[in-house]
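Residue numbers (my numbering), protein chains in the order written: chain A, 46 to 437; chain B, 46 to 437.
Number of protein chains: 2
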Amino acid sequence: MYKLVELQSGVCSADGFYADGVSAGLKPNGAKDMAFIYSDTLCEVASTFTTNKMAAAPIKHFKAKGAFETNFVLINSKNANAMTGSAGVRDIEEILSTLPSDAINPVMSSTGVIGVRVPKEKLIAGAKLFDLTQQQPQNAAEAIMTTDSFSKQKAYRVELEDGSSFNIGAMAKGAGMINPAMATMLCFITTDAAVTKSEMQEILDEVVQTTFNAASVDGDTSTNDTVMLLANKKSGVYEREVFKEALHAIMLFLAREMVRDGEGATKLVTYNVTGAKDDVEAQKVAKTLSDSLLVKTALYGEDPNWGRIASTVGASGVEAYEEKLTISFDDVCVYKQGELYFDEIMEQKAAEVMKKSSFTISCDLGIANGKFEAYGCDLGYEYVKINADYRT
Amino acid sequence: MYKLVELQSGVCSADGFYADGVSAGLKPNGAKDMAFIYSDTLCEVASTFTTNKMAAAPIKHFKAKGAFETNFVLINSKNANAMTGSAGVRDIEEILSTLPSDAINPVMSSTGVIGVRVPKEKLIAGAKLFDLTQQQPQNAAEAIMTTDSFSKQKAYRVELEDGSSFNIGAMAKGAGMINPAMATMLCFITTDAAVTKSEMQEILDEVVQTTFNAASVDGDTSTNDTVMLLANKKSGVYEREVFKEALHAIMLFLAREMVRDGEGATKLVTYNVTGAKDDVEAQKVAKTLSDSLLVKTALYGEDPNWGRIASTVGASGVEAYEEKLTISFDDVCVYKQGELYFDEIMEQKAAEVMKKSSFTISCDLGIANGKFEAYGCDLGYEYVKINADYRT
């Protein structure tokens, strides 16, 4: 038995962590565009990065360091520092070299436009504004936003049965489950749990699969996607399964928040796939559904067009049969194993479900026990608007 | 040496072929919604169908016939006869049984809404309006349209060096390179060339790869996609390579017409990928580009955002390196092997190219000789509008 107590202090929730956001003049009107996370003792780091072959300079810089401990992460928005070659990595080194000596082995993370050198002078000047004694997680969470319409944080105190506890806090950005290639998904998690580096990497790799990787992340993987977990171990407390569950709760919350904040999105839809040949096939169906333009536009139109769901299941490439498939919108079953009973009453009931801002589409393939849950949203005019003139 | 002479008579161009379109009351306002293609002698048939596991009833009916010759194809729009189970196949049998005895082994093809039984009585009454002596290819091409904004036909007389000739004609429907899952791609080709069944199937399978399958056909494969080639051999003339080239010209034209007529599309873009590890990897890049929401919305916004092109190449999963990649918009090179020379002048030049209704985006991966050309379009507000209320 353990207890999760929600905290309001984001990445500053764990003992010894500091964070703030400042304006370096990258965003217009003095909006915050640069953040730091600082720990007053060294941290071990677990991370997962984009699989994009054009991985951005900050990721190259991080990976080139090999095994290391750090206590400082610098983050900027508005410029992704991607497709900037070795010059992009040198820019990072130069910027980080100007930080105060309290920052040990600092690393950087960026999000924004691809293919433009970072404004080095502005970032160096911005970093001079950092006050490492500040605990302003809200400022930091705002500074890393791009097309996000709200900031995203979550933190827990994890209380174990023996009365001991540790904290985990996180912030994330991304309105990009629809298209993480541009909007980029970044997530920074801090903890004072006494977890080892190898164990936290193992847990992070596992948890990311059913959280961020289930959040309608399609083939368009960003050049900058990053999840970074920093542990300074100050609490001296750790219990593997509890740590994993708390981490899962935080990452799932943030993943769903990203989907809810999807560019132009008005609905958060859970795709609950069951009865597939195995979990891998269920995941394939769930992701194909959450990425389908046809399904997304039907959601936006609040059109209970279950034929598009069926067609998308059929197109996903997995084992599937018309006469074994069952489709429901929340608890309204619209198609059951070959029975066409979608009359006007049924259509009206399904249309009622689709008017909700959050609901579940269930597909049972009726073959075996494979299952997976994915999270997606609709696609409307606003998505086109945001993406047709992002750069300008 | 041979000569292709363009003809204006679509699927009635080849000797002995008849076609017409009528209104059976499926579309509103008496618009044509039912077509036939008839040959006064039996034809051998080559075909390619959707790989969707929820293949529609007409495809199940066709495949269940095994090897056969026919002289009659019945086509309807507005209802896909998909997800209708064995009842859907029985509906087809019943409808076809009411045709005049001139129709030997008739087959059916459908496009429209998924998951609704076909209005059998209307289709039987509609078929009674058919006059098999009519050669009205334009009527037939119009009757099979759904969200298409124009009808699509192409035909050639193929003149060989010795003075002999044969004809090939075709009609197609589909505004659905963006989302063939709904709009469905149908294409019917007729010829009097003396081609054998096995040879024409072989050629069709090959040609479809670089034509319809290159036209931004993404994972959302329709339940109804069909390409059918009917040969009555009346000309007695045939030459393999010439037949293949003429067929390729017709199918490429129709594939590009479909993209140009893409739902809400304003631009036809050719993705010319070269320098990949092999042709398969080049195809993967070209298709990922033509299907990317990010790229499509940038095209719509006429934003020369080459960073999205680079990111999408990186996300496609093939071997690729930032320092070997070169990207051009027509003849304006915007990124060359690590060189960032995208200044304001270059941006203006690239923006000029993007204002055109048709242009080429070239990506050279600089690795080996793999190449592929794909065809795509932009995605704008109109796409969302069409798809958010297709059924209603």
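Beta carbons are placed, not taken as given, at the ideal position from N, Cα and C, and that holds for glycine.
I think residue 186 of chain A touches residue 198 of chain A, with their Cβ atoms under 8 Å apart; what is that distance to the nearest whole Å? With a contact defined as Cβ atoms closer than 8 Å, residue 186 of chain A and residue 198 of chain A qualify at about 5 Å.
Candidates A:76, A:258, A:343: closest to residue 190 of chain A by CA position: Nearest option by C-alpha distance: A:76.
Considering only C-alpha positions, which residue in the set A:414, A:60, A:89 is nearest to residue 243 of chain A? Ranking A:414, A:60, A:89 by Cα distance to residue 243 of chain A puts A:89 first.
Does the stretch 378-388 of chain B come close enough to the stretch 126-133 of chain A that 3 or more CB-CB pairs lie under 8 Å? Enough Cβ pairs lie closer than 8 Å, so yes.
Would residue 63 of chain A count as contacting chain B if we go by Cβ distances under 9 Å? Residue 63 of chain A does not count as touching chain B.
In angstroms, rounded to a whole number, what distance separates the CA positions of residue 400 of chain A and residue 347 of chain A? Approximately 6 Å between the Cα atoms of the pair.
Is the distance from the Cβ of residue 119 of chain A to the Cβ of residue 80 of chain A below 9 Å? The answer is yes: Cβ separation under 9 Å.
Of all the CB atoms in chain B, is at least one closer than 9 Å to the CB of residue 127 of chain A? Output row for residue 127 of chain A: interface = yes.
Are residue 18 of chain B and residue 326 of chain B closer than 9 Å when you measure CB to CB? Past the edges of chain B, shown from 46 to 437, lies residue 18 of chain B, and the structure says nothing about it.
Look up residue 295 of chain A in the DSSP assignment and say whether it is helix, strand or coil. Judged by DSSP in its simplified three-state form, residue 295 of chain A adopts helix.
Inter-residue CB distance, residue 313 of chain A and residue 403 of chain A (contact presumed, cutoff 8 Å): Confirmed, Cβ separation roughly 5 Å.
Should residue 419 of chain B be flagged as near chain A, meaning a C-beta pair shorter than 9 Å? So no, residue 419 of chain B is outside the interface.
Run through the DSSP bridge pairs and tell me what residue 74 of chain B is partnered with. In the DSSP assignment, residue 74 of chain B forms no beta bridge with any residue.
Could you check what DSSP says for residue 332 of chain A in three-state terms: helix, strand or coil? Here residue 332 of chain A sits in helix by DSSP.
At 7 Å on the CB atoms, spell out the chain B contacts of residue 429 of chain A, in chain order. Neighbourhood of residue 429 of chain A in chain B, by CB distance below 7 Å: 342, 345, 424, 425, 426, 429, in chain order.
In chain B, which residues lie less than 8 Å from residue 97 of chain A when you measure between Cβ atoms? Chain B residues near residue 97 of chain A: 356, 359, 360.
Per DSSP, what kind of secondary structure is residue 87 of chain B in: helix, strand or coil? Here residue 87 of chain B sits in strand by DSSP.
With respect to 8 Å, is the separation between the Cβ of residue 356 of chain A and the closest non-hydrogen atom of the ligand GDP below this value? The ligand GDP is not among the ligands present in this structure, which contains no ligands whatsoever.
If we ignore side chains and look at the alpha-carbon of each, how far apart do residue 370 of chain A and residue 362 of chain A end up? Rounded to whole angstroms, residue 370 of chain A to residue 362 of chain A spans 15 Å at the Cα level.
In angstroms with no decimal places, state the Cα-to-Cα distance between residue 239 of chain B and residue 377 of chain B. Looking at the backbone, the Cα of residue 239 of chain B and that of residue 377 of chain B are separated by about 46 Å.
Short Cβ contact (9 Å threshold) for residue 55 of chain B with residue 85 of chain B: Taking C-beta atoms as the reference points, residue 55 of chain B and residue 85 of chain B fail to come closer than 9 Å.
Within the same chain, show all residues whose beta-carbon is closer than 7 Å to that of residue 392 of chain B, passing over the 5 residues directly before and after it, in chain order. Closer than 7 Å at Cβ, skipping near neighbours: 349.
Which residues in the same chain as residue 114 of chain B place their Cβ atom closer than 8 Å to its Cβ, once the five residues preceding and following it in sequence are excluded? Closer than 8 Å at the Cβ level, and outside the excluded window around residue 114 of chain B, lie 87, 88, 89, 90, 149, 150.
9 Å is my cut-off, CB to CB: does residue 94 of chain A come that close to chain B? For residue 94 of chain A, the nearest beta carbon of chain B is not closer than 9 Å to its own beta carbon.
Mind pulling the chain A residues with CB within less than 9 Å of residue 30 of chain B? One cannot answer for residue 30 of chain B here, as it falls past the ends of chain B, which runs 46 to 437.
Look at the Cβ atom of residue 48 of chain A, then the Cβ atom of residue 123 of chain A, and state whether they are nearer than 9 Å. Taking 9 Å as the Cβ cut-off, residue 48 of chain A and residue 123 of chain A do not qualify as a contacting pair.
Residues near residue 315 of chain B by beta carbon distance below 7 Å, same chain, minus five either side: Same-chain partners within the cutoff: 405, 418, 420.
In whole angstroms, what is the alpha-carbon distance linking residue 163 of chain A and residue 133 of chain A? Counting only the Cα atoms, residue 133 of chain A lies some 7 Å from residue 163 of chain A.
What does DSSP give as the partner residue(s) for residue 317 of chain A in the beta ladder? For residue 317 of chain A, DSSP records a beta bridge to A:407, A:418.
Between which two residues does the alpha helix (DSSP H) containing residue 204 of chain A stretch? No alpha helix (DSSP H) contains residue 204 of chain A, which is instead part of the beta strand (DSSP E) from 197-205.
Between the Cα of residue 256 of chain B and those of B:237, B:292, B:269, spot the shortest distance and give me the residue it belongs to. Cα-wise, what sits closest to residue 256 of chain B is B:292.
List, in chain order, every chain A residue whose beta-carbon is nearer than 9 Å to that of residue 365 of chain B. Neighbourhood of residue 365 of chain B in chain A, by CB distance below 9 Å: 98, 99, in chain order.
Where does the unbroken beta strand (DSSP E) through residue 117 of chain B begin, and where does it stop? In the DSSP annotation of this structure, the continuous segment of the beta strand (DSSP E) that includes residue 117 of chain B starts and ends at 115-121.
Count the other CB atoms, across all protein chains shown, that sit within 10 Å of the CB of residue 50 of chain B; report buried if there are 16 or more and exposed otherwise. The residue is exposed, with fewer than 16 neighbouring Cβ atoms inside 10 Å.
Use the C-beta contact count for residue 223 of chain B: other C-beta atoms within 10 angstroms, 16 or more gives buried, fewer gives exposed. Low local confidence applies: a pLDDT of 47 at residue 223 of chain B is under 50, so the model's placement there is unreliable, with the coordinate-based value given in what follows. Residue environment: residue 223 of chain B is assigned as buried (16 or more neighbouring CB atoms within 10 Å of its CB, all protein chains considered).
Could you please tell me which residues of the stretch 140-168 of chain A, in chain order, have their CB closer than 8 Å to any CB of chain B? Cβ contacts with chain B come from 158, 159, 160, 161, 162.
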